[in-house]
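Taking it in order: structure first as structure tokens, then the write-up.
2 protein chains.
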Amino acid sequence: MVQYITTRLDASFAALSDATRRGVLEQLGRSDASITELADRFHMTLTGMKKHVGVLEHAGFVTTQKVGRVRTCTLGLRRLEDEAAWIESYRQLWAARFDALDRVVEDLKRREKIDD
Amino acid sequence: MVQYITTRLDASFAALSDATRRGVLEQLGRSDASITELADRFHMTLTGMKKHVGVLEHAGFVTTQKVGRVRTCTLGLRRLEDEAAWIESYRQLWAARFDALDRVVEDLKRREKIDD
DNA sequence: GATATACTGAACCATCTGGTTCAGTATTTA
DNA sequence: TAAATACTGAACCAGATGGTTCAGTATATC
Chain A
1 MVQYITTRLD ASFAALSDAT RRGVLEQLGR SDASITELAD RFHMTLTGMK
51 KHVGVLEHAG FVTTQKVGRV RTCTLGLRRL EDEAAWIESY RQLWAARFDA
101 LDRVVEDLKR REKIDD
Chain B
117 MVQYITTRLD ASFAALSDAT RRGVLEQLGR SDASITELAD RFHMTLTGMK
167 KHVGVLEHAG FVTTQKVGRV RTCTLGLRRL EDEAAWIESY RQLWAARFDA
217 LDRVVEDLKR REKIDD
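In order, the protein sequence lines correspond to chains A and B. Counting in this note's numbering, the first sequence runs from 1 upward without gaps. Counting in this note's numbering, the second sequence runs from 117 upward without gaps.
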């Protein structure tokens, strides 16, 4: 696996591993919000929320733009494709393993019948 | 969102945020392995790998069983359904927002034509 | 121009994380 | 029974994380 992809997945999953940050993503899914609005909503200092937004921005999930003194946060351009793809590949691995197990069981059943 | 689900997602995404652990899952997708085998493969001490396996086990991705002196690790029963579901809901939020944006643009275009 | 608002950055803090070493215990194997 | 193997647990370490406060700067508003 290429290092580039690896570290991006690292950043993505790490960003998603915090409930507050997942909440922020959900909130931004409904409407854009300023740092202050997000900080209020999640009962946190402005500085604390700014850090969370920074993490989400670094992971590519959020983009921000400052107009006047207000910085507005928007759901970013990345759409979790890589993360969904990784999870899907894992699911396929899993499926393959247990399909194989199914075949073994199937096989045993067939033999049982033949042996009868 | 219920706390139970929240903390499980925390554990899941945190478990997936490390390249070594994702590697271990891929490896276990191919075949079961002992802690020693995994430690060798990922150039790490036995103790270090045991911690990683512990994290994966706690997140429900891996189960282990000790027979004699060997602990064998197996891909666990959970299949990332919750994680996939969360990501999917986020993708839908995203889609909804940008569909709305599309409609606005569409609308503007229509008006332009009428105004001609 | 003075005051309030919105953010920014540095510094601090406790706790978690990813790794190690070292000193066990339990189980094979010779 | 002695030696090797496989794991376990405690203790340690450096660095990241999730939060805070405090002291700014820049912008809006009265």
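Virtual Cβ for every residue (Gly too), placed ideally from N, Cα, C. Please read these numbers as outputs of a predicted model, since none were measured by experiment.
Check: Report all residues from its chain with a CB closer than 7 Å to the CB of A:Leu46; omit the five preceding and five following residues, and keep chain order.; Outcome: Ile35, Thr36, Ala39
Check: Alpha carbon to alpha carbon, what distance is there between A:Ala84 and B:Thr190?; Outcome: 23 Å
Check: Can you tell me the Cα-Cα spacing of B:Thr123 and A:Val67, whole angstroms?; Outcome: 36 Å
Check: Which residues in chain A sit within 9 Å of B:Glu173, going by Cβ to Cβ distance?; Outcome: Ordered by position in chain A, no residue passes the 9 Å Cβ test against B:Glu173, which lies about 16 Å from the chain.
Check: Give a yes or no on whether the minimum CB-CB distance between B:Ile151 and chain A is below 8 Å.; Outcome: no
Check: For the putative contact between A:Ala9 and A:Asp82, defined by C-beta atoms under 8 Å, what is the C-beta separation to the nearest angstrom?; Outcome: The question names Ala, but residue 9 of chain A is Leu in the sequence shown. A:Leu9 to A:Asp82, Cβ: 6 Å. Contact.
Check: I believe B:Ser133 touches A:Ser17 by the beta-carbon criterion, under 8 Å. Please report the beta-carbon distance rounded to the nearest angstrom.; Outcome: 6 Å
Check: Whole angstroms are fine: how far does the CA of B:Val186 sit from the CA of B:Ile203?; Outcome: 37 Å
Check: Could you check the C-alpha separation between B:Glu173 and B:His159 for me, to the nearest Å?; Outcome: 20 Å
Check: Ignore the nearest five residues each way along the sequence and tell me which others in B:Gln181's own chain have a CB closer than 6 Å to its CB.; Outcome: Thr188
Check: For A:Thr36, report the span of its alpha helix (DSSP H) as first-last.; Outcome: 35-41
Check: Between B:Ala201 and chain A, is there a C-beta pair that is closer than 8 Å?; Outcome: no
Check: In this structure, how does DSSP classify B:Arg138 when only helix, strand and coil are distinguished?; Outcome: helix
Check: In chain A, what lies closer than 7 Å to B:Leu132 by C-beta?; Outcome: Phe13
Check: Name, please, each residue of chain B whose Cβ falls closer than 7 Å to the Cβ of A:Leu46.; Outcome: Per Cβ cutoff of 7 Å: no residues; A:Leu46 is ~24 Å from chain B at best.
Check: Using a Cβ-Cβ cutoff of less than 8 Å, which residues in the same chain neighbour A:Thr20 once the five nearest sequence positions on both sides are dropped?; Outcome: Phe42, Met44, His52
Check: Are any of the Cβ atoms in chain B nearer than 8 Å to that of A:Asp10?; Outcome: yes
Check: Within 10 Å of its beta-carbon, does B:Ser147 have 16 or more other beta-carbons around it, so buried, or fewer, so exposed?; Outcome: exposed
Check: How close, in whole Å, do the beta carbons of B:Phe129 and A:Phe13 come, if the pair is a contact with beta carbons under 8 Å?; Outcome: 5 Å
Check: Just reading off the alpha helix (DSSP H) that B:Thr163 is part of, what are its end residues?; Outcome: 162-174
Check: Which residues in chain B sit within 7 Å of A:Leu25, going by Cβ to Cβ distance?; Outcome: Tyr206
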